[in-house]
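**Student:**
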Amino acid sequence: MRGSDLVEPVLGMLSRFWSKAVVFVVLAVMTIFDWWAPAIWFIHDVAAGFTETWLPVFQSVVERSLE
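What follows is the structure in structure tokens.
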């Protein structure tokens, strides 16, 4: 699973302004706290695994609610 598979749905739910704000904050944190980068990538990997497991479940729930 790519990182964009996790990020794109989240940013799709936010308005354009908030999408830019989220990206800016993440980039600022990664730039300012360079030593946090490994922790951020670890959290990303854990979240990607969670998303890979539960995304089909969430999608089926949303599809059923739209019917």
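In numbering that gives the first Met the number 0, the protein residues as written are 0 to 66.
Note that beta-carbon positions come from the ideal geometry of N, C-alpha and C, so glycine has one too.
No experiment lies behind these values; they were computed from the predicted model shown.
(1) Can you give me the C-alpha to C-alpha distance between residue 60 and residue 42, rounded to a whole angstrom?
(2) Any idea what DSSP makes of residue 32, helix, strand or coil?
(3) Can you tell which of 52, 25, 51 has its C-alpha closest to the C-alpha of residue 40?
(4) Report the rounded CA-to-CA distance for residue 49 versus residue 8, giving the unit in angstroms.
(5) Roughly how many angstroms lie between the CA atoms of residue 47 and residue 23, to the nearest whole one?
(6) What number of angstroms, rounded off, separates the C-alpha of residue 28 from the C-alpha of residue 20?
**Tutor:** If we stick to the structure as given:
(1) 25 Å
(2) In the structure shown, the three-state DSSP call for residue 32 is coil.
(3) Cα-wise, what sits closest to residue 40 is 25.
(4) Taking the straight line from one Cα to the other gives about 14 Å.
(5) 21 Å
(6) 12 Å
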